[in-house]
């Protein structure tokens with residue numbers, strides 16, 4: 001068999017063990033693969049000129065220079081920056097890392113949930129000020145109604161966790177699918193307006209794109225139950241920031257937990273920082289902070305390398321027309 005030469009560039013911070021694993025996955029197929037490992041911040045236009053496979057997220061403007069690219073395996077679940085025409089060469093395949101982040105981000109969502117409903121952020125401030133005082137009534141997860149917007153790997157994992165804690169779970173997803181057992185009810189985005197008034201907690205993990213930009217505007221925020229809590233770990237621009245400040249200031253919402261913001265990073269002078277019913281984390285729910293997240297990314301890349309080298313179907317292929325996994 002005549003083996004074809006393929007050059008693979010890996011930009012994620014792999015160990016020697018990871019390198020051995022990736023190279024083994026690619027070795028059983030029809031290609032003679034040459035691997036290069038370059039940290040993403042050091043990748044140049046010249047490094048991409050002869051690259052057929054790229055593993056890892058690079059700035060889209062730099063990816064445009066990879067004219068011979070056949071396949072891009074992202075280390076993120078979100079793929080929307082790479083779907084516009086011209087970012088990837090015609091015919092190139094785009095795959096994401098859906099399945100890697102559910103554990104880490106869903107636990108972060110759970111932490112934000114408890115932080116808000118138990119008023120822990122307010123008590124942390126009291127502790128810093130050495131004030132021994134009650135901050136008032138709370139709600140519980142058990143018996144509450146939690147509305148989850150976005151039911152991919154992350155949203156589904158969060159729904160499963162709060163369901164196990166006794167919450168009544170309502171899921172909203174992009175398309176109709178069979179309802180999983182961890183949901184009590186399931187709908188599509190067309191039903192969102194009538195569902196918002198029912199929820200004690202609205203947890204958002206929707207992807208980016210025109211369909212979700214300012215999804216939660218002032219009208220929808222005011223449809224939420226008075227005193228309800230809002231959590232967002234998906235895209236910062238899914239919530240209209242001016243509207244959010246308005247409903248927080250007048251006490252319509254009980255509080256808000258944000259791992260993503262618009263703009264991002266959130267400027268130091270932004271009013272949200274000083275609001276005592278807002279919990280802000282700097283887009284750290286995912287990333288590689290949990291070691292298992294990175295291990296899952298490497299496994300996804302490795303399984304796809306094996307499939308690619310063998311001419312089999314790749315997992316997590318992204319539809320360029322929607323930005324979502326096919």
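In full-length UniProt numbering, the protein residues as written are 1 to 326.
Ideal placement from N, C-alpha and C gives every residue a C-beta, glycine not left out.
Determine the DSSP secondary structure at residue 142, reduced to helix, strand or coil.
Looking at residue 142 - three-state DSSP - the assignment turns out to be coil, as it is neither helix nor strand.
What is the rounded straight-line gap between the Cα of residue 21 and the Cα of residue 59?
Going by the C-alpha atoms only, they are around 26 Å apart.
On a CA-only basis, which of 85, 247, 205 and 28 is nearest residue 220? Give me that one, please.
Of the candidates 85, 247, 205 and 28, the one whose C-alpha sits nearest the C-alpha of residue 220 is 247.
How far does the beta strand (DSSP E) with residue 231 in it reach, from first residue to last?
First-last of the beta strand (DSSP E) with residue 231: 229-232.
Can you check which of these residues, 156, 71 and 217, is closest to residue 105 by C-alpha distance?
For the residues 156, 71 and 217, the minimum Cα distance to residue 105 belongs to 156.
Could you give the C-beta distance for residue 302 and residue 25, rounded to a whole number, given that I count them as a contact under 8 Å?
Indeed they touch by this definition, with Cβ atoms about 4 Å apart.
Quick one: any contact between the region 246-262 and the region 108-118, if contact means 3 or more CB pairs under 8 Å?
With the cut-off at 8 Å, the region 246-262 and the region 108-118 touch.
Tell whether a beta-carbon distance below 8 Å holds between residue 205 and residue 230.
No, the Cβ-Cβ distance between residue 205 and residue 230 is not below 8 Å.
Which ranges does the beta strand (DSSP E) cover as unbroken runs of at least 3 residues, wholly within the region 90-160, from first to last along the chain?
Within the region 90-160, the complete beta strand (DSSP E) runs of at least 3 residues are 93-95 and 145-149.
Taking the C-alpha atoms as reference points, what is the distance between residue 135 and residue 121?
Roughly 10 Å between the two C-alpha positions.
If the criterion is Cβ atoms closer than 8 Å, does the pair residue 56 and residue 207 meet it?
No, the pair does not count as a contact, with Cβ atoms beyond the cut-off.
What do you reckon, are the CB atoms on residue 200 and residue 225 nearer than 8 Å?
Taking 8 Å as the Cβ cut-off, residue 200 and residue 225 qualify as a contacting pair.
Taking residue 75 as the reference, which of 13, 49, 129 and 181 has the closest Cα?
When each option's Cα is compared against that of residue 75, the closest is 13.
Taking one C-beta from the region 284-301 and one from the region 80-89 each time, how about it: are there three or more such pairs within less than 8 Å?
No, because fewer than three Cβ pairs between the region 284-301 and the region 80-89 fall closer than 8 Å, the two stretches do not touch.
Between which residues of its own chain and residue 320 is the CB-CB distance below 6 Å, once the five residues before and five after are set aside?
These residues qualify, in order along the chain: 83.
Please work out which residues of its chain come closer than 8 Å, Cβ to Cβ, to residue 311, disregarding the five sequence neighbours upstream and downstream, and give them in chain order.
The residues are 29 and 30.
Give me whichever residues DSSP pairs with residue 71 in a beta bridge.
The partner list for residue 71 (beta bridge, DSSP) reads 53 and 93.
Can you give me the Cβ contacts of residue 118 inside the same chain, cut-off strictly under 7 Å, excluding the 5 residues immediately before and after it?
The answer, listed in chain order, is 138.
Taking residue 92 as the reference, which of 187, 99, 183 and 68 has the closest Cα?
Answer by Cα proximity: 68.
Alpha carbon to alpha carbon, what distance is there between residue 195 and residue 263?
Cα to Cα, residue 263 sits roughly 28 Å from residue 195.
What do you get for residue 18, buried or exposed, if any count of 16 or more other CB atoms within 10 angstroms of its CB means buried?
Classification of residue 18: buried, given that the 10 Å Cβ count is 16 or more.
Mind checking which residues open and close the beta strand (DSSP E) that includes residue 10?
First-last of the beta strand (DSSP E) with residue 10: 4-10.
In the DSSP assignment, find the alpha helix (DSSP H) that holds residue 299 and state where it starts and stops.
Note, residue 299: alpha helix (DSSP H), 291-309.
Report the three-state DSSP secondary structure of residue 260 (helix, strand or coil).
DSSP places residue 260 in coil when its eight states are reduced to three.
Residues in its own chain within less than 6 Å of residue 36 by CB, not counting five upstream and five downstream?
9, listed in sequence order.
For residue 190, count neighbouring C-beta atoms within 10 Å of its own C-beta (all shown protein chains included) and say buried if the count is 16 or more, exposed if not.
Under this definition residue 190 is an exposed residue.
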